[in-house]
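Asks:
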Amino acid sequence: MHEGKYALSTGYAAGVTPEELSEQVRGALSDLARSQGLTVDIPEVVHLERPRNRDHGDYATNIAMALAKSAGLSPRDLAEALCAVLSQWPGIESASVAGPGFINIRLDTAAQGELARTIVSAGEHYGHGTLLAGQVINVEFISANPTGPLHLGHTRWAAIGDAIARVLAAAGATVAKEFYINDRGVQMDRFGASVMAVAQGKPVPEDGYHGGYITDLAAAISAQHPEFALLDDAEQVSAYREAAYELQLAQQQQVLELFRTHFDVWYSERSLHESGAVPAGLQRLREQGHVFELDGALWLRTTDFGDDKDRVLIKADGEYTYFASDTAYYVDKRNRGFDRAIYLLGADHHGYVNRLRAVAACAGDDMDANVEVLIGQLVKITRAGEEVKLSKRAGNIVTLEDLVDEVGVDAARYSLIRYPADSPLTLDLEVITQHTSDNPVFYVQYAHARVCSVLRNAQDLHIDWRSADFEPAALSTEQESALLGALGQFPRIVAGAAELREPHRIARYLERTATAYHRFYDNCRVLPRGDEPVTEEHLARLWLCAATRQTIANGLQLLGVHAPERM
RNA sequence: GCGCCCGUAGCUCAAUGGAUAGAGCUACCGGUUUCUACCCGGUCGGUUGGGGGUUCGAGUCCCUCCGGGCGCACCA
10 MHEGKYALST GYAAGVTPEE LSEQVRGALS DLARSQGLTV DIPEVVHLER
60 PRNRDHGDYA TNIAMALAKS AGLSPRDLAE ALCAVLSQWP GIESASVAGP
110 GFINIRLDTA AQGELARTIV SAGEHYGHGT LLAGQVINVE FISANPTGPL
160 HLGHTRWAAI GDAIARVLAA AGATVAKEFY INDRGVQMDR FGASVMAVAQ
210 GKPVPEDGYH GGYITDLAAA ISAQHPEFAL LDDAEQVSAY REAAYELQLA
260 QQQQVLELFR THFDVWYSER SLHESGAVPA GLQRLREQGH VFELDGALWL
310 RTTDFGDDKD RVLIKADGEY TYFASDTAYY VDKRNRGFDR AIYLLGADHH
360 GYVNRLRAVA ACAGDDMDAN VEVLIGQLVK ITRAGEEVKL SKRAGNIVTL
410 EDLVDEVGVD AARYSLIRYP ADSPLTLDLE VITQHTSDNP VFYVQYAHAR
460 VCSVLRNAQD LHIDWRSADF EPAALSTEQE SALLGALGQF PRIVAGAAEL
510 REPHRIARYL ERTATAYHRF YDNCRVLPRG DEPVTEEHLA RLWLCAATRQ
560 TIANGLQLLG VHAPERM
């Protein structure tokens, strides 16, 4: 770890990050086990938390209660023994037992302050880790039909999916973001027929697409391809369908880039069939022995692995089902080298979870390790309490573009990421366009801009804090300690968000950190006033500001939200 | 009928089995001759839908009931 290196090679005060502290508790446990002959299962990571009540110290752990039974000691006795060892460590001011066996740890000021230097030198890598190192993960999301604009549900996944991918990468995984283009089947034909009908001045078929964007597509295609009108009807449907497909897909791609959600792979369902991946996938399933024939159709026995019913791969009429594409697509992802395929689906597709897991198992994989399905609940938009349902472009849905037009990319992304995906969400447009503290995205961005302003002013005063001495013990106030504590949590938060696939934890963390900074700012003067000399306290606070700026910037980066230097 | 998700303050929502369940908004009270007041402090607000259980400890895990959303194709 960086801090350790500093402590040894430069003679700076030993720094204590939560990760180091966790290691120290582990070390104390094995010391105890050895010296007292205890048989305890020492966990790989000792859970440390920041107590809500600061009277309980800087950090607390419940490890003694968790291990007491296996150690054959009472929780308090085990805790006492651990505290005796921990109190000897450099950087720890005190360790004490509380309540049923909590261990409360207080760091000494200098050890805590070292963190500012650690963060500044880690720079944009601060918070990144190796929890998922070596894993190759495919994250598939949105995967809409190219038959219209992306709607609100897609938009939620665009924001969350992208953030999940960024967070997984920060935790050390190799990640590809993938969009599966549903460009095959009757929806495409209905789409083509709808555009053609409008181009010909006829009414859109009952089962067709009715949004205003169909009119725009028809007009664009008619202008570009006047020769389509000369084709016979069957050829014309196909010509309109293909031209509209191309335009609509391009529109989705452009809007997503604008939304800062970049896909590494756009995978066409058609290409799956054209490449022979479907029969290849089928072959794989046959080899595993879960394919059977019944009533003239070919089935996959997904009920072997927890699905409600078996699924048809090839219909009695000889056509592949959509499900056949799904299975082939899964096999193809694995063949492309992904250890894990993560699917992000809307709540209306939760019935697919068991099916997809069963597909993995039928292909001979581990359905717990190789496939993962996350379900996102629906989003509702209100304006002053009234639900908004109408889109400017698409009729009775709200599109990604509509939302971005209303609130901007930063507020849209942040507001969608801020809540866990599995809870239904209602966003009020009036709230997320306000530039006040009831709108957390601006609250966090403002904290960043505020830090930047202080650092700019320091530069104007020719205070070169970077090359001056840094005295970590000068960060001694309650607010400085609280801010350092918050900054130290960041790597943990990133790792947890990655492990749980919950980027909202990053957003919530940033809000807490912003609050800690604002409190610090209100109580601790950073820069010298007037003719005051520059003290080590000023310099230390500048280091703390720089560390705060870096942490907030790194966090916002994981959410795909800008960190403005001025507001 | 079967299955999945949800139910936490008036509203929108947090809380990885831990200590007194937290934020923001709303209402009210206060703070800046000083680095960005888009900020900070305070007051009011709860039987975590109900009832059982598991254990040192449950908003969190299990069972059950109530309420809401969604899904149960040889459609895509």
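Residues 10 to 576, numbered by my numbering, are exactly what the first sequence covers, in order. Every residue, glycine too, gets a C-beta built ideally from N, C-alpha and C.
#1: Any idea what DSSP makes of K324, helix, strand or coil?
#2: Considering only the alpha carbon of each residue, which of V450, G315, L409, V535 lies closest to N466?
#3: Over what stretch of residues does the beta strand (DSSP E) that includes N62 continue unbroken?
#4: Which residues in the same chain as I441 place their Cβ atom closer than 7 Å to its Cβ, once the five residues preceding and following it in sequence are excluded?
#5: Could you spell out where the beta strand (DSSP E) holding A350 opens and where it closes?
#6: Would you identify the three-state DSSP class for G13, choosing helix, strand or coil?
#7: Out of E508, S462, Y455, which has the shortest C-alpha to C-alpha gap to T522?
#8: Using the Cβ count rule (16 or more neighbours within 10 Å means buried), how would you classify Y352?
#9: In the structure shown, what three-state DSSP assignment does K78 receive?
#10: Are the segment 142 to 162 and the segment 52 to 66 touching by the rule of at least three beta carbon pairs closer than 8 Å?
#11: Just tell me which of K398, A229, A572, V388 has its CA closest to the CA of Q260.
#12: Reducing DSSP to helix, strand and coil, say where R465 ends up.
#13: Reducing DSSP to helix, strand and coil, say where F111 ends up.
#14: Do three or more CB pairs link the segment 468 to 487 to the segment 550 to 561 at distances below 8 Å?
#15: Quick one: using the 10 Å Cβ neighbour count with 16 as the cut-off for buried, is A516 buried or exposed?
#16: Nearest to V418 by CA position, among N532, V388, T560, A572, is which residue?
#17: DSSP puts N147 in a beta bridge; with which residues?
#18: Do you know whose CA, among M576, Q566, N113, lies nearest D171's CA?
#19: Using the C-alpha atoms, what's the distance from N62 back to A80?
#20: Starting from Y276, trace the beta strand (DSSP E) in both directions and tell me its first and last residue.
#21: Closer than 8 Å is the cut-off here; do at least three beta carbon pairs connect the segment 378 to 397 with the segment 429 to 438?
#22: What residues are listed by DSSP as bridge partners for E395?
#23: In the DSSP assignment, the alpha helix (DSSP H) including W166 goes from what residue to what residue?
#24: Please report how far the alpha carbon of Y254 lies from the alpha carbon of Q121, in whole angstroms.
#25: Are T311 and R269 close, meaning C-beta to C-beta below 9 Å?
#26: Assign M576 to one of two classes, buried (16 or more other C-beta atoms within 10 Å of its C-beta) or exposed (fewer than that).
#27: With 16 other CB atoms within 10 Å as the buried threshold, where does G327 fall?
#28: Under DSSP, the alpha helix (DSSP H) around E28 begins and ends at which residues?
#29: Give me the Cα-Cα distance between E546 and P429, rounded to the nearest whole angstrom.
#30: Closer than 7 Å by C-beta to G162: which residues in its own chain qualify, once you throw out the five before and the five after it? Chain order, please.
#31: Which residue from A491, A506, H513 puts its Cα closest to that of R528?
#32: Buried or exposed for G13, please, with buried defined as at least 16 other CB atoms from any protein chain shown within 10 angstroms of its CB.
#33: Should L303 be labelled buried (16 or more other beta-carbon atoms within 10 Å of its own) or exposed?
#34: Who does E301 pair with in a DSSP beta bridge?
#35: Is the CB-CB distance between G494 and A525 below 9 Å?
#36: Which residues in the same chain as L6 place their Cβ atom closer than 6 Å to its Cβ, once the five residues preceding and following it in sequence are excluded?
Replies: This is what the structure gives:
#1: Position 315 of the first sequence holds residue 324. Of the three classes helix, strand and coil, the one that applies to K324 here is coil, per DSSP.
#2: Residue 466 sits at position 457 when you count from the first residue of the first sequence. When each option's Cα is compared against that of N466, the closest is V535.
#3: Residue mapping note: residue 62 aligns to position 53 of the first sequence, counting from 1. For N62, no beta strand (DSSP E) encloses it, and the DSSP letter there is neither H nor E.
#4: As a position in the first sequence, residue 441 is number 432, starting the count at 1. Excluding positions up to five away in sequence, the list reads V416, A420, S424, N448.
#5: Working through the first sequence from its first residue, we reach residue 350 at position 341. A350: member of the beta strand (DSSP E) spanning 349 to 355, first to last residue.
#6: Here the question's residue 13 lines up with position 4 in the first sequence. For G13, the pLDDT reaches just 32, beneath the cut-off of 50, and the residue's location in the model is therefore unreliable, leaving the point undetermined.
#7: Locating residue 522 in the first sequence gives position 513, where the first residue counts as 1. The residue with the shortest Cα to Cα distance from T522 is Y455.
#8: Mapped onto the first sequence, residue 352 falls at position 343. Y352 should be labelled buried.
#9: Walking along the first sequence from the start, residue 78 turns up at place 69. Of the three classes helix, strand and coil, the one that applies to K78 here is helix, per DSSP.
#10: Using a C-beta cut-off of 8 Å, the segment 142 to 162 makes no contact with the segment 52 to 66, since fewer than three inter-stretch Cβ pairs fall below that distance.
#11: For the purposes of this step, residue 260 is taken as residue 251 along the first sequence, with counting starting at 1. Considering only alpha carbons, the answer is A229.
#12: Numbered from 1 along the first sequence, position 456 holds the residue referred to as residue 465. In the structure shown, R465 falls within a helical segment according to DSSP collapsed to helix, strand and coil.
#13: Stepping through the first sequence from its first residue, residue 111 is reached at position 102. Strand, per DSSP.
#14: Two segments are said to touch when three or more pairs of C-beta atoms, one from each, lie closer than 8 Å; by this definition the segment 468 to 487 touches the segment 550 to 561.
#15: Residue numbering aside, residue 516 sits at position 507 when the first sequence is read from its first letter. Buried, since its Cβ has 16 or more Cβ neighbours within 10 Å.
#16: Translated into the one-based positions of the first sequence, residue 418 becomes position 409. Checking every option, the nearest Cα to that of V418 belongs to A572.
#17: Taking the first residue of the first sequence as position 1, residue 147 is located at position 138. For N147, which the question treats as bridged, DSSP gives the partners A185, A350.
#18: As a working mapping, residue 171 is identified with position 162 in the first sequence. It is Q566.
#19: As a first step, residue 80 must be located in the first sequence, where it is residue number 71. As a first step, residue 62 must be located in the first sequence, where it is residue number 53. A80 and N62 have their C-alpha atoms roughly 29 Å apart.
#20: By one-based count along the first sequence, residue 276 stands at place 267. Element bounds for Y276: 274 to 277.
#21: The segment 378 to 397 makes contact with the segment 429 to 438; the number of CB pairs closer than 8 Å reaches 3 or more.
#22: Mapped onto the first sequence, residue 395 falls at position 386. As a beta-bridge residue in DSSP terms, E395 pairs with R392.
#23: Mapped onto the first sequence, residue 166 falls at position 157. Here the alpha helix (DSSP H) through W166 covers 161 to 179.
#24: Reading the first sequence from its first residue, position 245 is the one you call residue 254. Reading the first sequence from its first residue, position 112 is the one you call residue 121. If I take the Cα positions, the gap works out to 58 Å.
#25: For this step, residue 311 is matched to residue 302 along the first sequence. For this step, residue 269 is matched to residue 260 along the first sequence. Pairing T311 with R269 gives a Cβ-Cβ distance that is not under 9 Å.
#26: By 1-based counting over the first sequence, the position of residue 576 is 567. By the neighbour-count rule (16 or more Cβ atoms within 10 Å), M576 is not buried but exposed.
#27: Translated into positions along the first sequence, residue 327 becomes position 318. With fewer than 16 other Cβ atoms within 10 Å, it is exposed.
#28: Residue numbering aside, residue 28 sits at position 19 when the first sequence is read from its first letter. First-last of the alpha helix (DSSP H) with E28: 27 to 45.
#29: Here residue 546 refers to the residue found at position 537 when the first sequence is read from its first residue. Here residue 429 refers to the residue found at position 420 when the first sequence is read from its first residue. Straight-line Cα distance between these residues: approximately 40 Å.
#30: Taking the first residue of the first sequence as position 1, residue 162 is located at position 153. Only G355, L387, V388 meet the Cβ criterion.
#31: As a working note, residue 528 is residue 519 in the first sequence. Of all alpha-carbon atoms in A491, A506, H513, the one lying nearest the alpha-carbon of R528 is that of A491.
#32: Translated into the one-based positions of the first sequence, residue 13 becomes position 4. Caution applies to G13, whose pLDDT of 32 falls short of 50 and renders its modelled position unreliable; the model cannot decide the point.
#33: Along the first sequence, one-based indexing puts residue 303 at 294. Around the beta-carbon of L303, fewer than 16 other beta-carbon atoms lie within 10 Å, marking it exposed.
#34: Against the first sequence, residue 301 aligns to sequence position 292. In the sequence on display, residue 301 carries Phe and not Glu. Answer is W308.
#35: Here residue 494 corresponds to residue number 485 of the first sequence, with the count starting at 1. Here residue 525 corresponds to residue number 516 of the first sequence, with the count starting at 1. Yes; because the gap between Cβ atoms is below 9 Å, this pair is in contact.
#36: What is shown of the chain runs 10 to 576, which leaves residue 6 out entirely.
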